[in-house]
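Asker: Mind having a look at this structure? Questions to follow.
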């Protein structure tokens, strides 16, 4: 897509480092995979702090990174993960491996989400439960939405979630930081 080329060029022209960011995530069956995103932070952002959740006003974000996150365009490279078979377009969002290991025993029914491929978007994401959180109550609500999605899956639910995701991107209401 021309959009991918334009974003990649903009990232290369405005900040040092690669235009893609990759991170180990937990996928179907508990297997690890490398998830791709457009880089939204400065090249060495995690060297000092490690992988931590982005927050509003995060100084590690580049100017283009702020826009990419706000519109969720930073997620476009995840379609490579879909083509490689690690993800689907709709499903529970994949979590970082370290996050999985830390909270899997603390959240009721957490491991059930591993029975489906993770998605670029999902029911939890469109209902306001997206992005990292250290709040176990919010994480439980996210997992509850993931399980609700799995229990009620249909092609029509996937289409509805995709349309809502696209609308939230257009209206800048994704809730991303």
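In the working numbering, the protein residues as written are -7 to 169.
No residue lacks a Cβ here, since even glycine has one placed at the ideal position from N, Cα and C.
#1: Would you check if the segment 96 to 106 and the segment 64 to 79 touch, i.e. whether three or more CB-CB distances between them fall below 8 Å?
#2: Enumerate in chain order the residues of its own chain whose CB-to-CB distance from residue 118 is below 7 Å, with the five nearest sequence positions on each side excluded.
#3: Count the other CB atoms, across all protein chains shown, that sit within 10 Å of the CB of residue 150; report buried if there are 16 or more and exposed otherwise.
#4: Please determine whether the Cβ atom of residue 68 lies at a distance below 7 Å from any heavy atom of the ligand GTP.
#5: Which residues share a DSSP beta bridge with residue 82?
#6: With distances taken between CB atoms, is the gap from residue 54 to residue 125 smaller than 8 Å?
#7: Output needed for residue 65: all residues of its chain with C-beta closer than 8 Å, excluding positions within five of it in sequence on either side, in chain order.
#8: Determine the extent of the beta strand (DSSP E) in which residue 12 is found, giving its start and end residues.
#9: Are residue 79 and residue 111 touching if we call contact CB-CB under 8 Å?
#10: Would residue 56 and residue 101 qualify as a contact pair, given that the criterion is a beta-carbon distance under 8 Å?
#11: Measuring straight from C-alpha to C-alpha, what distance separates residue 164 and residue 32?
#12: So residue 21 packs on residue 106, CB below 8 Å; how close in whole Å?
#13: Do the CB positions of residue 19 and residue 86 come within less than 8 Å of each other?
#14: Considering only residues of the same chain and omitting the five flanking positions on each side of residue 13, which have a CB-CB separation below 6 Å?
#15: Taking the beta strand (DSSP E) that residue 121 belongs to, which residues open and close that run?
#16: Using three-state DSSP, classify residue 88 as helix, strand or coil.
Answerer: Quick answer:
#1: no
#2: For this step, residue 118 is matched to residue 126 along the chain shown. Answer for residue 118: 153, 156, 157 and 160, listed in chain order.
#3: The residue labelled residue 150 in the question sits at position 158 within the chain shown. Residue 150 comes out buried.
#4: No copy of the ligand GTP occurs in the structure displayed, which carries no ligand at all.
#5: Taking the first residue of the chain shown as position 1, residue 82 is located at position 90. Residue 82 is bridged to 113.
#6: For this step, residue 54 is matched to residue 62 along the chain shown. For this step, residue 125 is matched to residue 133 along the chain shown. Result no, Cβ atoms of residue 54 and residue 125 do not sit closer than 8 Å.
#7: Taking the chain shown and counting its residues from 1, one reaches residue 65 at position 73. Around residue 65: -5, -1, 30, 59 and 161.
#8: Within the chain shown, residue 12 is the residue found at index 20, counting from 1. Taken as a continuous stretch (DSSP letters only), the beta strand (DSSP E) holding residue 12 covers 12 to 18.
#9: As a first step, residue 79 must be located in the chain shown, where it is residue number 87. As a first step, residue 111 must be located in the chain shown, where it is residue number 119. At a Cβ-Cβ threshold of 8 Å, residue 79 and residue 111 count as neighbours.
#10: Looking up residue 56 in the chain shown gives position 64. Looking up residue 101 in the chain shown gives position 109. Not in contact: residue 56 and residue 101 (Cβ atoms no closer than 8 Å).
#11: In the chain shown, residue 164 corresponds to position 172, counting from 1. In the chain shown, residue 32 corresponds to position 40, counting from 1. Spanning the two alpha carbons is a distance of roughly 17 Å.
#12: Position 29 of the chain shown holds residue 21. Position 114 of the chain shown holds residue 106. Contact holds; Cβ gap of about 6 Å.
#13: On the chain shown, residue 19 is found 27 positions in, with the first residue counted as 1. On the chain shown, residue 86 is found 94 positions in, with the first residue counted as 1. Contact: yes.
#14: On the chain shown, residue 13 is found 21 positions in, with the first residue counted as 1. Within the same chain, residue 13 has close Cβ partners 29 and 31.
#15: Position 129 of the chain shown holds residue 121. That residue, residue 121, is in no beta strand (DSSP E); it is neither H nor E in DSSP.
#16: To locate residue 88, count along the chain shown from 1; it is residue 96. Strand.
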